[in-house]
Amino acid sequence: YTHTPRQRHTEAKHTEAQTHRGTDTPRHRHRPRHTHTHTPSGMMAIPDPPCVVTSPDCPPASTPSSPGPPASTPSTPGPPASIPSSPGPPASMMALPDPPCVVTSPDCPPLGLKSLRVDDSQFQASSYLRMGLGPHRARLNIQSGIEDGDMYDGAWCAKYEDQHQWLQVDALRPTLFTGVILQGRNSIWSWDWVETYKVQLSNDSETWKTCMNGTEEAVFVGSRNEPETPYLALFPQPAVARWIRINPQTWYWNGTICLRAEVLGCPLPDPDNVWQHFSEKLSGSKDNLDFRHHNYKEMRKLMKAVNEECPRITRIYTIGKSYTGLKLYVMEISDNPGKHELGEPEFRYVAGMHGNEVVGRELVLNLMQYICREFRRGNPRIVRLVTTTRIHLLPSMNPDGYETAFEKGSELAGWALGRYSYEWVDMNHNFPDLNNIMWDAKENDTDMVKTANHYIPIPEYYTKEDAFVTPETRAVISWMQDIPFVLSANLHGGELVVTYPFDCTRDWAPQENTPTADDSFFRWLATVYASTNLVMANPDRRICHSEDFQQHNNIINGGAWHTVPGSMNDFSYMHTNCFEVTVELSCDKFPHASELPTEWENNKESLLVYMEQVHRGIKGVVRDKMTKKGIADAIVKVEDLDHDIRSAADGDYWRLLNPGEYKVTVWAEGYFPSMRRCNVGTEARPTICDFILIKTPRQRMNEILAKGGRLPQDLQLKLRALRLRKLRASTKAINQRRKHSRKARGTRFARAPRPLTPLA
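Here it is as structure tokens:
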């Protein structure tokens with residue numbers, strides 16, 4: 001009996017390879033596997049798994065005319081089968097019958113192969129080709145490294161090509177199994193997948209029963225035509241057991257037996273704690289938040305509910321629309337919503353740039369609920385954060401992509417479906433590449449002082465109407481320009497690491513450490529998040545796919561991982577005052593809703609403590625000495641840091657810095673520069689460094705004459721004195737040049753040989 005969902009689109013394989021490779025051997029790689037050969041206490045009362053007979057909703061599958069698999073499948077590995085010598089596929093593998101019906105809503109959640117909740121030790125296999133293709137790699141959506149043959153390949157692959165091979169998963173407790181999801185091997189170089197398979201169940205890992213379809217063994221359909229799309233097979237009747245096996249029957253004719261899988265099952269109630277020592281404790285959250293996946297309408301409804309619950313500190317606004325017309329909603333949280341307050345820093349979280357990386361989206365929605373409720377309860381930490389910071393939360397930058405992935409669901413969306421915009425654009429490569437503009441200018445300009453190191457303008461080609469820029473990207477750029485953001489984080493998924501600028505490497509190197517002038521502070525920001533994340537901070541955690549980021553303390557320079565030209569992080573740093581990092585929140589891009597409480601607990605402290613870093617460094621107001629008004633666009637330069645920032649419209653500024661003493665110089669057009677020393681402490685509160693600038697006499701004269709007024713006596717005297725100083729300076733310079741010229745001529749005359757006088 002077979003079930004597979006008909007795919008309307010074949011998703012292109014995600015080829016943005018993560019090429020950074022660690023040298024250390026991870027702990028999990030040689031973890032011993034435990035084989036249970038006896039029945040624990042309390043196991044005997046569990047009945048044998050029922051055989052699958054028919055489905056009340058779907059007709060049984062028709063029996064193919066081609067020869068099928070044998071009636072029984074031994075549980076022990078057999079000898080390698082002979083490989084057909086003909087160039088084409090065998091007749092039994094040429095065509096698969098269409099599934100009789102599609103079921104896309106399993107009642108039971110995933111066991112946790114994809115999310116890593118199932119430990120490596122719970123996997124076993126009849127055989128495996130090598131360690132990099134061992135049973136622990138049989139996880140749905142797991143990604144391989146760039147090269148085949150390394151320790152991190154993209155599937156379990158059997159050593160032998162016969163129908164006696166199997167992959168086994170121990171659920172650790174009696175479980176109501178309802179289905180299996182299968183996927184082929186992830187590899188740039190190889191195409192391997194299982195086309196049909198059987199399912200076997202056991203209560204003691206020794207006696208196995210095959211699921212039946214009437215009087216015949218049921219055969220389920222696996223991958224079809226390509227390895228990346230996940231296919232779901234639901235059992236017509238749930239089956240209770242502890243162990244489950246996937247037994248491949250046919251596979252791609254030009255490949256071998258390789259698969260990635262997820263198992264659907266509900267743990268049975270355990271009121272007497274019989275299985276306490278055999279099962280993993282499922283963690284949840286004490287916070288009563290809306291832990292589920294929210295599509296566009298549900299997201300909007302939740303944000304409205306938060307606004308109605310906390311109208312004094314929240315405001316919802318939009319920054320633009322997606323290609324299909326979905327609005328990009330932002331939740332503002334502040335004690336004075338809708339207004340920039342002098343000296344109060346602006347912070348933002350951006351999630352959902354890649355539509356299928358949904359953990360950030362749900363975390364941002366949970367965060368706005370949490371802040372609202374804790375503020376009402378009087379939580380001192382939250383009250384202080386809200387009253388001293390203006391927070392902006394964009395939960396979905398790519399709503400079109402999310403809706404595409406949401407339609408398939410957490411297990412069937414695959415690795416890449418919904419990642420890109422509706423126009424098939426990766427938004428994290430869609431921002432202006434200002435890095436190379438700055439680097440080229442510095443290489444070609446001999447006067448490094450005049451080369452801009454901040455507020456680099458957007459090139460003209462990018463602003464044209466026919467430029468290949470998504471409306472979502474344009475909306476976010478305008479948002480960045482309108483609000484003087486100080487700190488931000490771009491929330492992604494699919495790994496566990498925090499990356500910091502620069503993301504783009506020089507000379508287009510695929511991997512190269514490319515630090516910014518503020519590298520030490522960026523490393524601090526990344527460390528703050530990674531060290532407080534419950535999973536990243538766990539030294540015994542399993543790596544996600546093929547990168548061992550623990551050797552880097554779970555932080556890495558973006559360029560050292562893989563080059564990303566046109567990233568939002570780099571653009572934010574070079575075009576605005578805002579520092580931004582990218583947080584890869586979870587190994588699983590699209591976890592099941594049952595995993596969301598755990599994801600919230602893993603990231604809650606990190607989200608809060610990262611926001612608090614916006615108050616590090618120095619801040620102040622740059623004012624005009626005479627008018628006492630703030631000066632906009634004043635340049636704030638820190639000695640020995642080749643990256644300046646500018647004051648906002650009201651004259652206030654914020655400069656993120658590590659603890660230490662700094663020499664800070666501020667100047668603006670028409671003003672004399674001002675310098676002072678500022679000390680930054682270790683606590684997360686800013687040092688106040690205000691600046692008073694004095695206009696140059698010429699600037700004052702221009703302003704007065706522009707208004708049609710007369711110059712005051714003191715200004716006339718200052719201008720006259722200034723002209724005299726310039727005249728004296730120029731006269732002195734001329735006299736010095738003349739003096740040096742005379743000396744040079746005298747030296748040449750003194751060194752010239754005298755003519756000889758002829759003797760009489």
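Per the UniProt record's numbering, the sequence shown starts with residue 1, numbered consecutively. Don't be surprised by glycine CBs; every beta carbon is placed ideally from N, CA and C. Please read these numbers as outputs of a predicted model, since none were measured by experiment.
In the three-state scheme derived from DSSP, where H, G and I count as helix and E and B as strand, residue 317 is classed as strand. A straight line joining the alpha-carbon of residue 521 with that of residue 656 spans about 8 Å. The continuous stretches of beta strand (DSSP E) do not include residue 118, and DSSP gives it neither H nor E. Judged by beta-carbon spacing, residue 184 lies within the 8 Å limit of residue 223, meaning their Cβ atoms are closer than that value.
For the 8 Å CB-CB criterion, residue 631 and residue 668 form a contact. Comparing alpha-carbon positions, the option among 177, 356 and 735 lying closest to residue 397 turns out to be 356. Non-local beta-carbon contacts of residue 517 in its own chain, meaning distances under 8 Å to residues more than five positions away in sequence, involve 453, 641, 642 and 643 in chain order.
Here DSSP, grouped into helix, strand and coil, assigns residue 369 to helix. Comparing alpha-carbon positions, the option among 587, 272 and 187 lying closest to residue 547 turns out to be 587.
For residue 307, the uninterrupted alpha helix (DSSP H) segment begins and ends at 296-309. Counting C-beta pairs with one atom in each stretch, the segment 607-616 and the segment 423-441 have fewer than three that are closer than 8 Å, which means they do not touch. Of the residues 519, 334 and 410, the one whose Cα lies closest to the Cα of residue 388 is 334. Three or more beta-carbon pairs separated by less than 8 Å link the segment 225-242 to the segment 175-189, which places the two stretches in contact. DSSP, reduced to helix, strand and coil, places residue 613 within a helical segment of the structure shown. For residue 596, the number of other beta carbons within 10 angstroms of its own is at least 16, and it is reported as buried. Its Cα nearest to that of residue 555, the residue 526 stands out among 526, 568, 647 and 540. Here residue 406 is buried. Its C-beta has 16 or more other C-beta atoms within 10 Å. Counting along the chain, residue 171 sits inside the beta strand (DSSP E) bounded by residues 167-183.
In this structure, residue 694 lies near residue 625, with their beta-carbon atoms less than 8 Å apart. Here residue 390 has 334, 344 and 346 as same chain residues with Cβ atoms under 6 Å from its own Cβ, once five neighbours each way along the sequence are excluded. The beta carbons of residue 294 and residue 593 sit no closer together than 8 Å. Taking one beta carbon from each stretch, the segment 142-155 and the segment 163-175 have fewer than 3 pairs nearer than 8 Å; the two do not touch. A direct Cα-to-Cα measurement between residue 511 and residue 523 gives close to 18 Å.
In its chain, beyond the 5 residues on either side, 493, 585, 586, 591 and 599 have a beta carbon closer than 7 Å to the beta carbon of residue 359. Close CB contacts of residue 623 within its chain, under the 8 Å cut and outside five residues either way in sequence, are with 629, 630, 631, 651, 690, 691, 692 and 693 (chain order). Across the set 230, 199 and 471, the C-alpha of 471 shows the shortest separation from the C-alpha of residue 324.
Per the Cβ contact rule, the segment 301-316 is not in contact with the segment 141-149 (fewer than 3 Cβ pairs under 8 Å). A straight line joining the alpha-carbon of residue 457 with that of residue 575 spans about 7 Å. For residue 581, there is no enclosing alpha helix (DSSP H); the enclosing beta strand (DSSP E) has its first and last residue at 579-584. Contact check between the segment 562-572 and the segment 497-507: three or more CB pairs, one atom from each, fall below 8 Å, which counts as touching. In this structure, the straight-line span from the alpha carbon of residue 455 to that of residue 645 is close to 8 Å. Residue pairing by DSSP places residue 356 in no beta bridge whatsoever. Two segments are said to touch when three or more pairs of C-beta atoms, one from each, lie closer than 8 Å; by this definition the segment 203-218 does not touch the segment 129-136.
By the neighbour-count definition (other C-beta atoms within 10 Å, threshold 16), residue 170 is a buried residue.
For the options 330, 122 and 273, the alpha carbon positioned closest to that of residue 242 is the one of 122. Of the candidates 244, 173, 138 and 483, 138 places its Cα closest to the Cα of residue 194.
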